Amino acid sequence: MNTSAVPLPAWIEVVLIPLLNILLALIVAGLIMLTIGVDPVEAVAIMIRGAFGYDEAIGYTLYYTTNFIFTGLAVAVAFHASLFNIGGEGQAMIGGLGVGLVFLLLDSVLPTLLLIPIGIIAAALFGAAWAFIPAWLQAYRGSHVVITTIMFNFIASSLMVYLLVNVLIKKGSMSPETREFEPGAWMPFMHDFLAWFGFDVTRSPLNLSLVLALVCAFLVWIYIWRTRWGYELRTAGFSEDAAVYAGIKPKTVVISAMCISGALAGLMAVNEIMGVHHRLILNFTAGYGFTGIAVSLMGRNHPVGIIFASLLFGVLYQGGAELAFEMPKVSREMVVAIQGLIILFSGALALMLRPWVVRIYLMLRPPQVQAAS
Amino acid sequence: MTPSQDLAIELRHISKSFGLVRANHDISMQVQRGTVHGIVGENGAGKSTLMSILYGFYQADRGEILIDGKVRQITSSRDAIDVGIGMVHQHFMLVDTLTVLENVMLGAESHALLNKSSIDARAELQKLADEYDLGVELDAVTGELPVGEQQRTEILKALYRHAEILILDEPTGVLTPQEADQLFRVLRALKERGVTVILITHKLREIMDITDTVSVLRLGEMVAHRNTVDTSVEELAELMVGRRLVESSFSRVENPGSRKGIEVRDLTVIDQRGKKRVDNISFTVKHGEIVGIAGVAGNGQSKLLEVLAGIAQPSSGDFEIGGYQCKPGKPLNPSRCRALHINHVPEDRLKLGLVKAFTAAESALLGYHNERQYSIRGFLQLKSIRAMCARLMEGFDVRPGNPSLRSSTFSGGNQQKLILARELEKNPEVLLVGQPTRGVDIGAIALIHQKLIEMRDAGCAVLLVSVELDEIMALSDRILVMFEGRIVGEVKGGDADKTQLGLMMANAMEQAS
Amino acid sequence: MKLNWRFALAAAGLWLAAGVAQAADYKPAVVFDMGGKFDKSFNQGVYDGVEKFKSETGIGYLEFEVTNEAQREQALRKMAQRGADPVLGIGFAQAPALEKVAKEFPDTRFAIIDMVVDLPNVRSIVFKEQEGSFLVGVLAALASESGKVGFIGGMDIPLIRKFACGYAQGVKYANADAEVLENMTGSTPAAWNDPGRGGELTKSQFDRGADVVYAAAGGTGVGVYQAAKDAGKLAIGVDSNQNYLHPGTMLTSMLKRVDVAAYNVFKDSMDDKFTPGIQVLGLAEAGVGWAIDEHNESMITADMKAAVEAASAKIIAGDLAVHDYTSDNSCPQ
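As given, the protein sequences belong to chains A, B and C, one line each in that order. In terms of the working numbering, the numbers along the first sequence are unbroken and rise by one, the last being 407. In terms of the working numbering, the numbers along the second sequence are unbroken and rise by one, the last being 512. In terms of the working numbering, the numbers along the third sequence are unbroken and rise by one, the last being 511.
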C-alpha cells in the first residue's frame, strides 16, 4: 500500500511520529546500554535531570539550544528555496570573524548600546557575505551549492587559522586567539540579566542571544509564510519553472535565500563569540553548523519545529555530558552513539514508522469511502 | 474468432485503494487471445492504475490476475515480462542517447559480451520488423527519431522480450493522424499473429476503429463491457461520463477587424543545444479571433508560446504583443506581460501553471503576488488572497471550492479551471493558451471551451496551441500548422479538414508538391 | 605537544573513579582536553602521571574529557563545586576558563599545563619545548646522510612552530649546511589525527631527499613513523617515549614530561607542598629531554651521544640560548 499519499491529522504528523521516533531511538540505545550493564531507565532519568534538574543545567541546555536554533533556521530558509546549505559551519566562523574585527576596532570606543547591535549586524553581514559567493556561483555559473558550501567551510577554517595564527593573535599568546573584548561588548549573560531583576541564578554560558534566536525564528516564520519575498522563495523552491512563469527571478531568489541563510548561521557567532568566549577563537563552531541540518530536518523546516528540535539537541548535549559524569560505564563515545541514534531515527528514518502509523490510523478510523477523482 | 475459453487475461475482482481514495473497485475483465481490447475512461477513472497492477508496478489489495488461465502473482515488471506482458508507456522509457538497437537490448542482453548480444539482437529484430511492418533504423540514435519511430522502438522492445500481451497507454497522444494510422496497421498485424493488445485511450474514435471489445471505467469501477461492433461513440461517451453530453459547436469569426493583438515577424528561436526550435515564422492574431496552432507535440509550438509570454527570448526577429514592441535589447518578461494584460495559460500546468505543494489560494496568487491588494509593504494579505481564490473557484466551478486545500489534491480538470480562472479574470487583451484541456475530463472541457469563446467575443486576441486536432478545429477561427519550427500551412477554421491538417502536420503536403 | 581541540560533535565523559575511600577529604581532579585521555600523546601523558599517583597512593581522582569549548569552564567549575582540590587543567586552551573558575574558588588549588594563569591559587606549568626539540634536531642532523631532515607538524599553530623552530636551530647547530623541510598537516584540529596525511607528507619529504623526520603532530605521528619504517628511514617521536613503536627506525623521541608535572601537582598538594606560581620546565629541570633506551641505543653512536650531551650541558649552563618562537612569533633563519 502506498501510504505516503494518505493525509494524517497534524498532531500525528508533527507530534506523535517524532515522539515515536525518539522513543524508538531510546529503545535501541537502551539495548546497547543493557549490553554494557547500564540500566537504561536510570540513564534516561539522569539525562533528563542533567538537562533540566537545576538552573545551571537548564542554562547549559538552553545555551546549546541557542546555537541550534540559529543553524537550524539557516538550513531551513535555504531548504525552502530548494537549496541545501551545508556551509553553516563556515558561515558561522566568518560571522565570528565579523564580530571579532568590529570589536577589536571599536570595543573601547563605543558604548554597549551601540556595540551589541553592531556586533549582531557584523555577524549577520559576514555570514551572509560568506554564503553569497556560493550562491552567486550557483545562480550564475551553475556550481552546486552543496559542493561549494562544503568547500567554503574548509576555506573559512583555513582563513580563520591564518588570521588567528598570523594576524589577529594576541601578542605573546600561545593559543591562536584574539585579546578579550572589553566587557562593554559582551552580550549580557542571562544570570547577570536576571540578577538586575532580583533573580538569583547560577552562572552558565546562557546569554541574551537566546532571545535573539527566538526573535529570528519568529522573523523567519513571518518572512517565509507572510511576505511576498517568502512567497517568491517558496515558489522558486518548489518549481523554478513556475517561478519564471510568475515573473520571479530564480537567480535573485537563490542569492537572497542563501544570504539570509548565511546571516542566520553567522548569528550563531553572537552566542558563542559575543556571549560566551568574548574573544575570537578557532573552532568555536564545534560542529553546530552541521548539527543544524539534523535540527532543521527534524523540525520539518518550520521555525516552531526547529525550536523544539534545538531544545532536544540541547538536552542531548547537556544531558549526555551529565550521563557520562554520573555513570562510569558510559563513555563519551557512548553518548555520541546515543545522540547518533536519535538523529538517525528522527532525521534519516523520519518516515520509517509512518506507514504503520497510517495503517493503525486507518484501522481505528472507518474509511470514508471516497471515489477516485 | 478464437474459442471463448481461450482467455489471454482475466482479472477477477481487482480492488486497489490509495489510502482513502479508491482507484479501482471490484474490477473484473476478460480479454480473449488475439484480440484488441480497448479500455476507455476519463482521466482519473483508474485506467492507469489498473494497467500498473497488471504490469506489476502496484499490487492489488484484493482480487486475482489470470494469465493464460493461470493465477499469477505479478509483483514487478520483471514478473510481468516473464509471463509475456509488454507495455508501451505514454512517456517512452527509452534512453535518448542510445541507438535503437541498444535500447531494445538494454536489460535483455543474450550474452555477457555486448558485441555478441548485438549480433543476435540485430538478426532477431530484423525478423520482427519484417514480420510486423515495424520499420525502424536500428542504428539511429533514439533521441533523434520522430516520436512515431520511438514508439515503434518501444513495441519492438516488448516483442523482443517475447511479449504475448501488449499494453499501450494513450499511444496516439503524440502522433499525427497518419502516424496513428500506421500504428494501427502494426497493431492489426500483431493481432493477426496472435498477440493480444490492450489499448488505453480516451479517444473514442480510435476505439471504434481498431478494437474488438471495449471496457469502460468510471470512477474506479468497470461500468460496461461491449463488443465494439455493438456500440457507438455516443454510447461510450455517456458511459464514461455517466450522463448525456450535449454536442457543442461554436460560431466562427470571419472578419475580426484590424486591431492586431500579436504580430510576429521572422521569429527564430535557437535553444541552448543549438537546435532551431522556431524557424523564421511570421503571423498575426487580431483582437476578437482565436488562432489555433496545430502540430504534433515538439514542433516548436511550446517554444513559440514561451517566447510570446516572455519566458524565453527570441534569437532573431521581433514581435509585437499587446502593443509592446519586443526586440533584441528590449526583452519581454512575464511580469511586463501581466502589466500589459497579456495572460498566459501554460501548457504544463503542473510545472508552470501552479505549485502542487501550495494551497489553492497560493496557486491562485501565482504571478500576481506583487499586486497592491495582495501584498502591502511586502506582507501578504491573506484574507484578500483567500477571497480572491474563492471568487475564482466559484466563477469557474472549481471543486472542491476550498482555497485552503493543496493544489495537488485537485483533479487535473479542476487545476486547469483554477489556472484559467486566474488568467481570464484579469480581463486579458491577449490570451496565450497552451493545451487547455490536456488531461481534463469531458465535463470540464465544455466549460473551458465556452470560456475561451467568451474571451474571444469580448475582443481578446487568443492564440491557442493544442495537439488535440479536434479542439483546434472546434475553436479556431484560423488554423496555423507548425512542423519543425516552421509554419507549413494556414487554413480557415470553418474550412478545416482533418485529413488535410494531418498531412500538413506531417509535412507531407510540402514534400508531395 | 598537545591534542586539544580535536573536532568532536559529542558530549563529554566525566566520572568518578573508584577508590576514594582512603582519603575522602583529599580529592584531586583532572580535566582532559579535547583529544581525550587516550590520545597516545599529550593528554595520555597526563593520564599516565595521575594513574601513577593513583596506584602509588591508592587515592582516586575525578576526571572529565572536554568535547567542546564551552565545556571547559563547566567541567572545571563542577570539579571545584564537588569539592575537588587540586583541580588540574590540561592545555593552554583551558587557561581562560581556569582563570575564571580559579577566581570564583580562591580556596581551591588549581594547576594548568602549557599556559600561565597568574593567580595566587594557581600553579602554571610550561615547558621549553624548543630545548628538547633542539636536542633531537642535533641528533637528526648527525644521523642524516643526505644533509636534509624533515619536520611534520600537526595543526599550524604557534606552539607547533615553537617545536619546529627549536628543531631547526638544533639541526643548523650540528650541521650549518643542513636543510630542514617543514610541513604542517593541516589548519584544522583534524590535523592532530590524520595518520594518512602524515604518511603522505613524510613520503613526500623522503622524495625530496630527507632521511630523518621529526613529527610533532599527535595522532598524525603514527602515520609518520609508519612511513619511515616502510621507507627504511628514520623518525623522531614526541611528548612521550615512542621509541618502542618501531625499533630500528625510531631514532629517538623528544620528551615532554607532562606525566611528571601532573604527578607532582597531585603529590605536592597531598603533601601540603603545593606552590602556586609559574614552573618553567626545560632541560635544566628535566622537564624536556630526549629518549634513549634499548630500542634505539644501537642507532645512537657515541659521537652523537657526546654531541647531544654537550649541547644539553651548554643549554643548561646558559651558554647556548635556544630561541623561543612564541616570544616574538618568529624564528631566526
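Note that CB positions come from ideal geometry on N, CA and C, so glycine has one too. All values reported here derive from a predicted model rather than from experimental measurement.
Quick check on DSSP: helix, strand or coil for residue i?
i	result
C/His424	coil
B/Gln324	strand
B/Phe282	strand
A/Ala162	helix
A/Ile315	coil
C/Ala199	Legend: pLDDT at C/Ala199 = 36, less than 50; position of this residue unreliable, value from coordinates given subsequently. If DSSP states are grouped into helix, strand and coil, C/Ala199 belongs with coil.
B/His343	strand
C/Asn361	strand
B/Asp180	helix
C/Leu320	helix
B/Ser231	coil
A/Trp263	helix
B/Gln31	strand
C/Trp468	strand
Which same chain residues, not among the five before or five after residue i, have their C-beta less than 6 Å away from its C-beta?
i	result
B/Val432	Val344 and Leu463
A/Ala162	Cys293, Gly296 and Ala297
B/Gly299	Arg276, Val277, Met481 and Gly484
B/Val173	Val146 and Ala296
B/Asn213	Sequence inspection shows Val at residue 213 of chain B; the Asn mentioned does not correspond to that position. Gly37, Ile206, Arg225 and Thr227, listed in sequence order.
B/Arg514	Missing from the structure shown is residue 514 of chain B; chain B here goes from 0 to 512 and no further.
C/Tyr345	Ser311, Gly315, Phe329 and Tyr392
In chain order, what residues of the same chain have a beta carbon less than 8 Å from the beta carbon of residue i, not counting five sequence neighbours either side?
i	result
B/Pro427	His340, Ile341, Asn342, Met454 and Cys459
A/Gly333	Gly106, Ala110, Gly339, Ile340, Ile341, Phe342, Ala343 and Ser344
A/Ile46	Val391 and Tyr395
A/Val199	Pro210
Are there 16 or more other CB atoms within 10 angstroms of the CB of residue i, so buried, or fewer, so exposed?
i	result
A/Pro151	exposed
B/Arg192	exposed
A/Lys205	exposed
A/Ile372	buried
B/Asp494	exposed
B/Gly273	exposed
B/Arg348	buried
A/Met127	buried
A/Tyr88	exposed
A/Trp230	exposed
B/Val35	buried
C/Gln222	buried
B/Ser512	For B/Ser512, the predicted structure reports a pLDDT of 42, less than 50, and the residue's modelled location is therefore unreliable. The matter cannot be settled from this model.
C/Asp437	buried
B/Leu368	In the sequence under discussion, the amino acid at residue 368 of chain B is His, which differs from the Leu named in the question. That one is buried.
C/Phe220	buried
Between which residues of its own chain and residue i is the CB-CB distance below 7 Å, once the five residues before and five after are set aside?
i	result
A/Tyr98	Phe347, Gly348, Tyr351 and Gln352
A/Pro168	Gly121, Val179, Thr182, Thr183, Phe186 and Met292
Rounded to the nearest angstrom, how far is the Cβ of residue i from that of residue j, given a contact under 8 Å?
i	j	result
C/Leu313	C/Met482	The pair is not a contact, with the Cβ atoms about 11 Å apart (cut-off 8 Å).
C/Glu357	C/Lys326	5 Å
B/Leu127	B/Leu165	Their Cβ separation, rounded to whole angstroms, is 12 Å, which puts B/Leu127 and B/Leu165 out of contact at 8 Å.
A/Ser117	A/Val245	In the sequence as presented, Ser is not what sits at residue 117 of chain A; that position holds Leu. So it is not a contact: roughly 28 Å between Cβ atoms.
B/Gln415	B/Ile447	7 Å
B/Ile73	B/Ile13	Actually they do not touch by this definition, with Cβ atoms about 11 Å apart.
Compute the minimum distance between the beta carbon of residue i and the heavy atoms of the ligand ADP, and state whether it is under 8 Å.
i	result
A/Gly381	Of ligands this structure carries none, so the ligand ADP is not represented either.
Along the chain, which unbroken stretches of the beta strand (DSSP E) at least 3 residues long are found entirely within the region 226-267 of chain C? 240-243
Along the chain, which unbroken stretches of the beta strand (DSSP E) at least 3 residues long are found entirely within the region 371-407 of chain C? 390-394
Considering only residues of the region 253-314 of chain B, which uninterrupted alpha helix (DSSP H) runs meet the minimum length of 4 residues and lie entirely inside it, listed in chain order? 300-307
Suppose only complete runs of 3+ residues qualify. What are the beta strand (DSSP E) ranges in the region 40-91 of chain B, listed by chain order? 61-66, 69-71 and 84-87
Completely contained alpha helix (DSSP H) runs for the region 427-492 of chain B, where each covers 4 or more residues: 441-456 and 468-474
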